[in-house]
Each structure stands twice: as C-alpha cells, then as structure tokens.
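Notes for the one structure printed next.
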C-alpha cells in the first residue's frame, strides 16, 4: 500500500485536492438556489450545451480564439516595446533618469482605468481591447526587464571588460543573457496579465470572446454560463503559462540545472 | 639579476581614494604604490584581508582608474582593459549560460576570431587545465576547483602577455587549494606568462611566487619584498619553507 | 599515536557525547558508514577529512538537522534531545543577527534559554571581554569587519554554555595571520569556560594547531579512519619539527586510502 502511495503520490495530491474541491462545491450548491451557485454537474451540462450551440453566432472554441487573438497581439506588442525599453533603462543611467519618472507616474494606473480613453481613441472595435491588454502587459514587461538588468552581477560585466569587450558587446553578449531569467519571468507575468485584462476589455461592447460569454450569462441570468466562462479563462490561462514554462526550460538549459 | 630583465608592468606612485556613500571622509585605499613586474615572472602580491591589493590589481587590469600615478604596460600607458591582460577572479565570474568551451573561448569571440580557430584554441587550454571531457558542461555542474580551472583556461585562451589573478583559490577549501596551487605552477611552467597573483595566504605566496611583494593594511603601500629562492617543486613543510614563512608572517600586518 | 597514548588520554576523561553506529543513506547512496566515537567533556576535538567526505552531512546528523538512518547519539548518557541539551553551531557563513547590536546578539541566545536577567548580564559582560569587543557593544554587525562579526557569533554561542559546540570551518576565508589570532582567541575562551568543542575543518594545519585529539574521516562512504592524539604543549608553532611531523602524518593519512 505504501509503495503504491509513494509511486503515485505526485498525482494523488492534485487529484485529491480537485476531488475535495468539487465535493465541497457540490455540497454548497445543494443548499442554495441554482441561480446563486449552480452545482458542478450543471456547469458541466452548460459547457457541453455551449460547445454544441453557437453563442451569439460563434462557437465556444471560436470565442476562445477571439480572446486569444487579442491577447496574443497585445502580448507581442508589449514584449516588442517593453523589453527593449526595460533593458535600456536598466543599462543606461541617462535613459533611466529620463524615462523612469514618467513610467512611475503611469504605472499605478490599472489597465481598467484606461478603458474610457481607449474607447475614445480607438472606438469599440478590436483596437481598444488590444490596447487594454497591451497596457497591463507592457508595464510588467518593462518592470521585469529593468529589474533584471539592474541586478546583473557587476562581476560578470567586469569580466567581460577585462577581455576587452566594448559597451555594445557587454550589453548583448553578457548583460542580456544574464537577464534572461528575469526576462522570462516578465514574459510569463505579462502574458498572464494580458489574459486577465481580456475580460475587462471585452466588457467594452464585445460580441465575441470569453468575456462576452460571461456578459451573456449575466444578461440571461444564467449563472452556469458565467461560471463556464470563468472556468474557460482559468484553463486557457494556465495552459498558456505551462507553455511558456516549457519554452523557458528549453531555452535556458543552464537554469534548469541550477534549480 | 632582475635589472637586465624586461619590465612588463611599471606602476609609479599609484594612489586610490574612494568616496564612501553616506560618509564624509574619503577612503584611502592605495598610498603611492610603485611596483615593477618583469617578463615571465610569477609575482605574488601578498597582504592581509584589507590592504587594497585587489584594487591595485584592478588598476593594472584597467578596470579602475587610479586617483594618482601612472601604469605602463610594455612601456605604454594603459587606457582601460585590454586583450594584453587576462584576468582570473576569486568568484570565478564564469558566464552561466555558456558551456565550458564557450566560456574559455570568450576572449576570442569578443575579438571576432573565426569559430573553427576559437574552438581549437579553447580545446588546447581546456586540455592544459585538465578539463578534457567537460567541454559541453555548464559552470553550475562543476565543482569550485573545476570552475576556477575554466577561469584560468579562459584567461590563457585570449592569449594575453600578462595574467592577473585575484585570490583565485580564496573560495576553495584547504585541500582543493593545495591541489590547485600545484596544478597552476605546473600549467605556468608549461606555458609561461607574466603573472600578477594576489593572495592573503602566506603558504600560497611562497609556494607559487618567484617574488613576493608584501602590502600593508589600509592605506595600502608596499612594505617589503622577498625573492623566493627555494627550488621547485616546493614542499610546504620543508624547513626552509617554514623559516621563510615565519619571516614573511612577521612582515605582514594583522588586521582585525 | 600509540595505544598507550590513547588510553592515557581517555583514562582521565568523562564521556560527554557518544556516537554509535552512525549511518546515513540518501536513498541508496551510503554517505556515512557506521561511525563510532566519543567526545569527552571539555575536549577540543578536531575532525578532518578529504574533500567530499560527507563532512556537511556528518555535521547535520550530529546537530540533528537531518534524520539519521541508523545509529544513536547520546549526550550525558541519554539520547540527544533539543529540549534538554544545547548543541550550538558556528558555520563558515557568518550568521550574526543583523538587526541586533553586538551585545544584543550575545543576549539573544541567553534569553531564549530563559536565564535570569542578572546572570545574562554577567555572561554578556564576560563574553564581550573575552572576545575583545567591549568597545563595540552597541555596533551593528554591518558596521563590523567579517572577522569581528564571526567573533560575535562565537561569543553568542559560548555564552549559553552549550553541551557541545560544533564549528564548521569558521575561519575558512580569512587570511592566515588573522586566522591564527582568532584560533588563539578560541583556545583562550575554550580553556576559560571548559566547553566541549568539535571543530571540523579541511585545513590540517589548523587541526594540529587547535586539537587535543584529531579524528580522520575516510572518503565516502565515510568512517573514522584514524584517531590521533596531539600531545604538543601550547602555544604551538607551525615550524616546530614535532608539529610538522604530525601535520605530515595526518596529511598522508588523508591522501592515501
């Protein structure tokens, strides 16, 4: 018996905790109305139903696709602009002194607060939604790259200098690779943030997307639909995170050794 | 005997002061240090824990600028770090994302030497330091002694005239240290370069050095020097070694 | 080094710590193999071994940081128990508490042991005096040099009169002259307080300088390879032929297996 437990202990814990969670949920839902908290079974039925009939003219997978598209575009833009900016700010004191004050001012403003101005500038079409996700991801990307760069071990830079590396070589050959773990952390956090913002973005008059499913559920008074939407957000979000972690392990083999 | 040898490094009146953040006083680290290092000499700079010896080495390396004084390498003033000086660091300073062979070839990569040639040169030095078979390993997989061998190979591989070593065995335990000292001496005998070796360990200084220069506590200046005439290979417990050790111990400062 | 030597040494001594059949396995990997030895009350024992002999594992077992696979450790005849016995450590990495002053650092351990206030104050004064840090009592560790910080840790550990003080290369990174100075200080404290000290090091000269008795560990899986009594008077000189002979002997013992 104990060898069985040892062998499968890696799986027993998560399965066990999920089972316990579902059980608790089921028990809780029995004591309240279906509108307040639908049971796990009801949510499952709803999921099956939604996957068979289109919502607002789009299939369930289609909705996920729309959300993903917005997030990916926002994410790629955030990395493309945020990463170089963060690295440069971290590397170059002058750049830091110029950009930091403005950045520090904009940073505490949550992506949601950008919604009205996004609508004003970009209308209610795709642009504003992507913009919201972009803002959240961008800030995170800059912060992580900046911190990563500031904390590069000066000894490594000195070592590079002692071999005659010029500042460009020091930056690209040493500083940036040294930051890679922080950069990856930034990328992962930025993607998570973009995905989290997509709901808020889609509340701005969307007709497709996972956020839309949640809004529909709210309008139609179907809690099970709301929950399906939320669960979808959770599942896709964790899959994206797992993908990125896999990419990090593949691209930073020396780091896996150290961990 | 040393007068007719070529002077590789000439330091004249080197002084260095630092501003300590949060304090009004300046920290005087080096106080008019003058030193000459001859071609292919193994010079050891010995001093207590805080004596400015690392700062002096960094000045010679061109990583720091002295507040006063001049440093001539091959009779030319230095303008910063250069490929004529290779450095070995106490904390190894290996690039963790590079394999052993990539680390060793670093100096050549910076200079734009083509891949094939780089790898050949790197392999030669990896063999020299006895790390054959570990070319594709990452620094994290190596022990302290092995890491430092990579450091030494890396410094050698960029083909400098001068090797600067900053307490390279300071982080190793006593027995690994003895083993590395023996190896370094053997490596150096095979491929001689001018070496400036900084340490706080008297045994190490006597074992390795042709000449030992003793620095005082802060502000650092040169107190005295000893020519080591004990024939190689030296034995740590030989009576001559021990006598010299006692002498040098009396010459070094105690810094609490 | 002779049998007479050893029995003469042990005859007058009381056993403080008794280690029997100490074995440690990590899965299938045998690190410590049936280690048997005693530590006598008030002794300064040095344990040396080759690089990679499982010294850290050995220490962690002695200090009960990790569970032992087999074997027993007894203090004063009863199994070692953190509630009754004090086993103190000084590691190579200095661990003075950064938010306490020097004197508060020393008080810290004493307070935990819930000693009466006047006894605490007496001991703090005494320890400050012995390590020569009375002038620095209100300083914080960051304001001190590495060796001074290390002395604070030593003072703190000696102050609680531990049953056993384990030291793991506390002076490893310091320069040789400073090391000898601190070792002299250590011996002064040890003599004055009569503490039982087990000092673990890779540095054979250090062991011969400090120890009354040296235990030599073999490479992994480690056992006690040999036991050497150091019968030299203090102060010991590293260039004394007897010292050198002993040092060479221990060095050879470690190298050869």
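Chains as they are written, first to last, in my numbering: chain A, 5 to 263; chain B, 208 to 463; chain C, 1164 to 1420.
Idealized CB from N, CA, C, for every residue including glycine.
**Q.** Separation of residue 305 of chain B from residue 89 of chain A, as counted between CA atoms
**A.** If you take the alpha carbons of residue 89 of chain A and residue 305 of chain B, they lie about 25 Å apart.
Q) For residue 1330 of chain C, which residues does DSSP report across the bridge? A) Its beta-bridge partners are C:1253, C:1362.
Q.
Against chain C, which members of the stretch 234-261 of chain B pass a CB distance test of less than 7 Å?
A. Cβ contacts with chain C come from 255, 256.
Q. Beta carbon of residue 1186 of chain C, beta carbon of residue 1217 of chain C: below 9 Å?
A. No. Outside cutoff.
Q. Between residue 1360 of chain C and residue 1376 of chain C, which are expected to be in contact by the criterion C-beta below 8 Å, what is the C-beta distance as a whole number of angstroms?
A. At roughly 11 Å, the Cβ-Cβ gap does not stay under 8 Å, so residue 1360 of chain C and residue 1376 of chain C are not in contact.
(Q) Please report the straight-line C-alpha distance between residue 1183 of chain C and residue 1225 of chain C, rounded to a whole angstrom. (A) A direct Cα-to-Cα measurement between residue 1183 of chain C and residue 1225 of chain C gives close to 11 Å.
Q: Could you tell me which of B:356, B:360, B:361, B:310 sits nearest to residue 343 of chain B, measuring between CA atoms?
A: Nearest to residue 343 of chain B by C-alpha distance, out of B:356, B:360, B:361, B:310, is B:310.
Q) In terms of residues, what are the limits of the beta strand (DSSP E) holding residue 1201 of chain C? A) Residue 1201 of chain C -> beta strand (DSSP E) spans 1192-1203.
Q.
Measuring only the C-alpha atoms, how far is residue 208 of chain A from residue 120 of chain A?
A. Between the alpha carbons of residue 208 of chain A and residue 120 of chain A lies a distance of about 9 Å.
Q. With distances taken from CA atoms, which of A:166, A:22, A:103, A:68 is nearest residue 314 of chain B?
A. Proximity to residue 314 of chain B across A:166, A:22, A:103, A:68 peaks at A:166, based on C-alpha coordinates.
**Q.** Cβ-Cβ distance between residue 195 of chain B and residue 419 of chain B below 9 Å
**A.** The shown model of chain B, from 208 to 463, leaves out residue 195 of chain B, and the question about it has no answer.
Q) Beta-carbon of residue 1305 of chain C versus every beta-carbon of chain B: anything under 9 Å? A) For residue 1305 of chain C, the answer is no, since every Cβ of chain B falls outside 9 Å of its Cβ.
Q: In angstroms with no decimal places, state the Cα-to-Cα distance between residue 209 of chain B and residue 1298 of chain C.
A: Low per-residue confidence applies at residue 209 of chain B: pLDDT is 48, beneath 50, and the placement is therefore not dependable, though the value from the model is reported in the following sentence. Take the alpha-carbon of residue 209 of chain B and the one of residue 1298 of chain C: they are about 48 Å apart.
Q) Is the stretch 370-383 of chain B in contact with the stretch 225-243 of chain B, if contact means three or more CB pairs nearer than 8 Å? A) Put simply, the stretch 370-383 of chain B does not touch the stretch 225-243 of chain B. Fewer than three CB pairs are less than 8 Å apart.
Q. If we count the other Cβ atoms within 10 Å of its Cβ and call it buried at 16 or more, is residue 249 of chain B buried or exposed?
A. With 16 or more other CB atoms across the displayed protein chains lying within 10 angstroms of its CB, residue 249 of chain B is buried.
Q) Quick one: which chain B residues come within Cβ less than 8 Å of residue 173 of chain A? A) Chain B residues near residue 173 of chain A: 317.
Q: Report, in whole angstroms, the separation of the C-beta atoms of residue 370 of chain B and residue 400 of chain B, which I expect to be a contact under 8 Å.
A: Contact flag correct, Cβ pair sits at about 5 Å.
Q: Report buried or exposed for residue 61 of chain A, applying the criterion of at least 16 other Cβ atoms within 10 angstroms of its Cβ.
A: The C-beta of residue 61 of chain A has fewer than 16 other C-beta atoms within 10 Å across all chains shown, which makes the residue exposed.
Q: Specify, as a first and last residue, the run of the alpha helix (DSSP H) that residue 52 of chain A falls within.
A: Its alpha helix (DSSP H) spans residues 44-56.
Q: Check whether the Cβ atoms of residue 317 of chain B and residue 86 of chain A sit closer than 9 Å, and answer yes or no.
A: Judged by beta-carbon spacing, residue 86 of chain A lies beyond the 9 Å limit of residue 317 of chain B, meaning their Cβ atoms are not closer than that value.
Q: Return the Cβ separation of residue 1338 of chain C and residue 255 of chain B in integer angstroms, given the expectation that the two are a contact with Cβ distance under 8 Å.
A: Sure, about 5 Å apart at Cβ, within 8 Å.
Q.
Using a 10 Å radius around the Cβ and a threshold of 16 neighbouring Cβ atoms, would you call residue 225 of chain A buried or exposed?
A. With fewer than 16 other Cβ atoms inside 10 Å of its own Cβ, residue 225 of chain A counts as exposed.
Q.
Taking 7 Å as the limit between beta carbons, can you name the residues of its chain near residue 1386 of chain C, skipping five residues before and five after?
A. These residues qualify, in order along the chain: 1196, 1197, 1198.
Q) Assuming residue 144 of chain A and residue 197 of chain A make a contact with CB atoms under 8 Å, what is their CB distance in whole Å? A) Indeed they touch by this definition, with Cβ atoms about 5 Å apart.
Q) Is the Cβ-Cβ distance between residue 162 of chain A and residue 364 of chain B less than 9 Å? A) Taking 9 Å as the cut-off, the beta carbon of residue 162 of chain A is found no closer than this to the beta carbon of residue 364 of chain B.
Q. Quick one, are the C-beta atoms of residue 1411 of chain C and residue 449 of chain B less than 9 Å apart?
A. The Cβ-Cβ distance between residue 1411 of chain C and residue 449 of chain B does not fall below 9 Å.
Q) Could you check where the alpha helix (DSSP H) with residue 256 of chain A kicks off and where it finishes? A) Counting along the chain, no alpha helix (DSSP H) covers residue 256 of chain A, and no H or E run does either.
Q: Count the C-beta pairs between the stretch 1259-1268 of chain C and the stretch 1327-1344 of chain C that are closer than 8 Å, then say yes if the count reaches three, no if not.
A: Too few Cβ pairs lie closer than 8 Å, so no.
Q. Under a Cβ-count criterion, where at least 16 other Cβ atoms within 10 Å of its own Cβ denotes burial, should residue 223 of chain B be classed as buried or exposed?
A. So residue 223 of chain B ends up on the buried side.
Q) Are the C-beta atoms of residue 385 of chain B and some chain A residue less than 9 Å apart? A) Not closer than 9 Å to any Cβ of chain A, the Cβ of residue 385 of chain B fails to qualify, so no.
Q: Could you tell me if residue 261 of chain A is buried or exposed, where buried requires 16 or more neighbouring beta carbons within 10 angstroms of its beta carbon?
A: Interpretation of residue 261 of chain A is limited by its pLDDT of 48, a score under 50 that renders its predicted location unreliable; the figure taken from the coordinates is listed afterwards. With a threshold of 16 other beta carbon atoms within 10 Å, residue 261 of chain A falls short and is exposed.
Q: Mark residue 457 of chain B as exposed unless 16 or more other C-beta atoms lie within 10 angstroms of its C-beta, in which case mark it buried.
A: Residue 457 of chain B is exposed by the Cβ-count criterion.
Q | Cβ neighbours of residue 122 of chain A in the same chain (closer than 7 Å, five flanking residues each side left out) | A | Within its own chain, the residues whose Cβ lies closer than 7 Å to the Cβ of residue 122 of chain A, once the five positions on either side in sequence are excluded, are 132, 135, 136, listed in chain order.
Q.
Quick check on residue 453 of chain B: buried or exposed, where buried means 16 or more other Cβ atoms within 10 Å of its Cβ?
A. In the assembly as shown, residue 453 of chain B is an exposed residue. Its beta-carbon has fewer than 16 other beta-carbons within 10 Å.
Q: Check residue 1121 of chain C in the structure and name its three-state DSSP category.
A: As shown, chain C starts at 1164 and ends at 1420. That puts residue 1121 of chain C outside it, with no answer to give.
Q | Selected residue, minimal CA-CA separation from residue 174 of chain A, among A:107, A:68, A:129, A:96 | A | That would be A:96, whose Cα lies nearest to the Cα of residue 174 of chain A.
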